[in-house]
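Enquirer:
Numbering (the numbering used here), first residue to last: 0 to 120.
1) Would you kindly check if the distance between the Cβ of residue 67 and the Cβ of residue 8 is under 9 Å?
2) Which residues bound the alpha helix (DSSP H) around residue 20?
3) Is DSSP giving residue 61 helix, strand or coil here?
4) Between the C-alpha atoms of residue 72 and residue 92, what's the straight-line distance to the nearest angstrom?
5) Kindly list the residues whose CB is nearer than 7 Å to the CB of residue 21, restricted to its own chain and excluding five residues on each side of it in sequence; keep chain order.
6) Mind checking which residues open and close the alpha helix (DSSP H) that includes residue 68?
7) DSSP on residue 49, reduced to helix/strand/coil?
8) Buried or exposed, going by whether 16 or more other CB atoms sit within 10 Å of the CB of residue 115?
Shown next as structure tokens:
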């Protein structure tokens, strides 16, 4: 494995737990309707790109996408304190914006090379 590669999937147990927690909270708190789910590929590699309107957006992707998603996140901005515990537990690939982040981009490419699913906003 190259020095900038990370294994995919990773943190599988904690991510399954967080996914189920997200499902429960979203089902209880919101009336979510999903359309077009049949258009998702059965396996990776692929990239899921979403608009980032709120802190719930990654949680909604966990609810909708049946695969483990490896998210890219800003490594140069502080995490919302209300979400920091969840983001720390789930983990993400930090990307430092404003210049070419070779490490973060290499890690993202590594996920795709392992037939993984990459989530970006």
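The beta-carbon is built from N, C-alpha and C at its ideal position, and this holds for glycine as well.
Fair warning: this is a prediction, and the values are worked out from it, not measured in the lab.
Expert: So, to answer that:
1) yes
2) 11-28
3) helix
4) 6 Å
5) 58, 61, 62
6) Premise fails: residue 68 lies in the beta strand (DSSP E), 68-73, not in any alpha helix (DSSP H).
7) coil
8) buried
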